[in-house]
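Enquirer:
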Amino acid sequence: MNIFRLAGDMTHLMSILVLLLKIYATKSCSGISLKTQELYALVFLTRYLDLFTDFISVYNTVMKLVFIGSSLAIVWCMRMHRTVKRSYDGQLDTFRHYFLVAACFLSALIVHEKFTFQEIFWAFSIYLEAVAILPQLVLLQRSGNVDNLTGQYVFFLGAYRALYILNWIYRYFTEQHFSRWIACISGLVQTALYADFFYYYFISWKNNSKLQLPA
Amino acid sequence: VQDQVSKDEL
């Protein structure tokens, strides 16, 4: 474990806490894409198949349970909770995310580390996570003004993978057999997708103005 | 043989 990875995990956890705070405190999920939340639940469920077979550390197991539990809880809340689901922007959240799932699964069948059930689903989850934010970014552009908590949620979600890239660089130089090129390349694509959001987020922070994404 | 690098990252 190195400082970049720990900071990355904490930032990821922070993004989930901010999202939970927004939904719980405002009893509203306006501006949040249910499709992105469903994609993230799928990412965690397919990535942590080894949850009960490989024990890495207490930290690793606890964090996996937190990520799986929180993502499922958020999807449940946005679908079933009568107050929250009323504020869902269903007519704006129309990204066809099933295509993302199909494309990522196809890619995982072609590019993976080993042709085993677990490795293919792991590669699938890595590719899917890279594009999972697309429905959310599209929804932000369509819904115009972005409330602070939603903006912070997306910011932390983008920042965590950028910290993981630093972690992979660090591990590449400090460990002999370290090669995570699937996660690395996918992580670079993932972080790049946030580039324009980061730009407008920085502008709004500098001008102390409302975050506005151009339509 | 290098054993399968366990997925120690989240």
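So the sequence lines, in the order shown, correspond to chains A and B. Counted the way the working numbering counts, the first sequence spans residues 1 to 215. Counted the way the working numbering counts, the second sequence spans residues 1001 to 1010. Glycine residues also receive a C-beta, built at the ideal position from the N, C-alpha and C atoms. Note that the structure is a prediction, hence the values are computed from the model and not measured.
What does the Cβ neighbour count give for B:Asp1008, buried or exposed, with the cut at 16 atoms within 10 Å?
Expert: With fewer than 16 Cβ atoms within 10 Å of its Cβ, B:Asp1008 is classed as exposed.
Enquirer: Run the CB neighbour count on A:Ser143, radius 10 Å, all protein chains shown included, and call it buried at 16 or more, exposed below.
Expert: buried
Enquirer: List the DSSP bridge partners of A:Gln176.
Expert: Per DSSP, none; premise fails for A:Gln176.
Enquirer: Quick check on this structure: which residue in A:Phe197, A:Tyr24 and A:His112 has the alpha carbon closest to the alpha carbon of A:Gln141?
Expert: A:Phe197
Enquirer: Can you find a C-beta in chain B that's less than 7 Å from the C-beta of A:Met80?
Expert: no
Enquirer: For the alpha helix (DSSP H) holding A:Lys210, just list the boundary residues, first then last.
Expert: Premise fails: A:Lys210 is in no alpha helix (DSSP H) and is neither H nor E.
Enquirer: Scan the region 49-127 of chain A and note each continuous alpha helix (DSSP H) run of 4 residues or more that stays entirely inside, going in chain order.
Expert: 58-80, 82-86 and 97-110
Enquirer: With 16 other CB atoms within 10 Å as the buried threshold, where does A:Ala195 fall?
Expert: exposed
Enquirer: Going by DSSP, which residues form a beta bridge with A:Asn145?
Expert: A:Gln212
Enquirer: Taking its Cβ as the centre, do 16 or more other Cβ atoms sit within 10 Å of A:Glu129, making it buried, or is it exposed?
Expert: Buried.
Enquirer: If you count every other CB in all the chains shown that lies within 10 Å of the CB of A:Asn207, and 16 or more means buried, which is it?
Expert: exposed
Enquirer: I'd like the list of long-range same chain contacts for B:Val1001, defined as Cβ closer than 8 Å, with 5 residues on each side in sequence excluded.
Expert: Because the pLDDT at B:Val1001 is just 36, under 50, the model does not fix this residue reliably, and the value given afterwards should be weighed accordingly. Counting only residues of its own chain and dropping the five nearest sequence neighbours on each side, B:Val1001 has no CB closer than 8 Å to any other CB.
Enquirer: Which value, in whole angstroms, describes the spacing of the CA atoms of A:Val154 and A:Asp54?
Expert: 31 Å
Enquirer: Would you say the region 56-70 of chain A touches the region 160-170 of chain A, given that touching needs at least three Cβ pairs under 8 Å?
Expert: Counting C-beta pairs closer than 8 Å gives fewer than three between the region 56-70 of chain A and the region 160-170 of chain A, which falls short of the contact rule.
Enquirer: Out of A:Arg5, A:Ile133, A:Ala123 and A:Ser71, state which residue places its alpha-carbon closest to the alpha-carbon of A:Cys104.
Expert: A:Ala123
Enquirer: Report yes or no: is there a C-beta of chain B within less than 7 Å of the C-beta of A:Ile56?
Expert: yes
Enquirer: My output table needs one value for A:Met1: the three-state DSSP class, helix, strand or coil.
Expert: coil
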